[in-house]
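Q:
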Amino acid sequence: MSERFVVRPDIRGFSVFDLALGQVAEIARIPQQALSTEDAEHLAELLNQQPIAAAMQRS
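Be aware that the sequence shown starts at 25, since it is given in this note's numbering, and climbs by one per residue.
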């Protein structure tokens, strides 16, 4: 099973990228970018554990 959320480098650190939407993931309308490596990896791991329907509601 492929992952929907992946970590990508950005200018100020790392972003969590939503492959389904083709953009940086948002939580409460806040783009998840400029994160530390550890924070981005942890967040992507958590988001990838969510069921698909719940992930789509966040969009």
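Note that beta-carbon positions come from the ideal geometry of N, C-alpha and C, so glycine has one too.
#1: With H, G and I counted as helix, E and B as strand and the rest as coil, what does DSSP make of E65?
#2: Rounded to the nearest angstrom, what separates L43 and R28 at their Cα positions?
#3: Suppose the cutoff is 6 Å on Cβ atoms and the five residues either side in sequence are ignored; what does the same chain contact list for L71 look like?
#4: By how many angstroms is the C-alpha of A58 removed from the C-alpha of I35?
#5: Helix, strand or coil, according to DSSP, for L43 in the structure here?
A: Quick answer:
#1: In the sequence shown, counting from the first residue as 1, residue 65 sits at position 41. E65 falls in the helix class under three-state DSSP.
#2: Residue mapping note: residue 43 aligns to position 19 of the sequence shown, counting from 1. Residue mapping note: residue 28 aligns to position 4 of the sequence shown, counting from 1. Each residue's alpha carbon lies about 5 Å from the other.
#3: What you label residue 71 is simply residue 47 of the sequence shown in a count that begins at 1. Excluding residues within five positions, the ones whose Cβ falls inside 6 Å are F29.
#4: On the sequence shown, residue 35 is found 11 positions in, with the first residue counted as 1. On the sequence shown, residue 58 is found 34 positions in, with the first residue counted as 1. Between I35 and A58, the C-alpha separation is close to 7 Å.
#5: Position 19 of the sequence shown, counting from 1, holds the residue named residue 43. Of the three classes helix, strand and coil, the one that applies to L43 here is coil, per DSSP.
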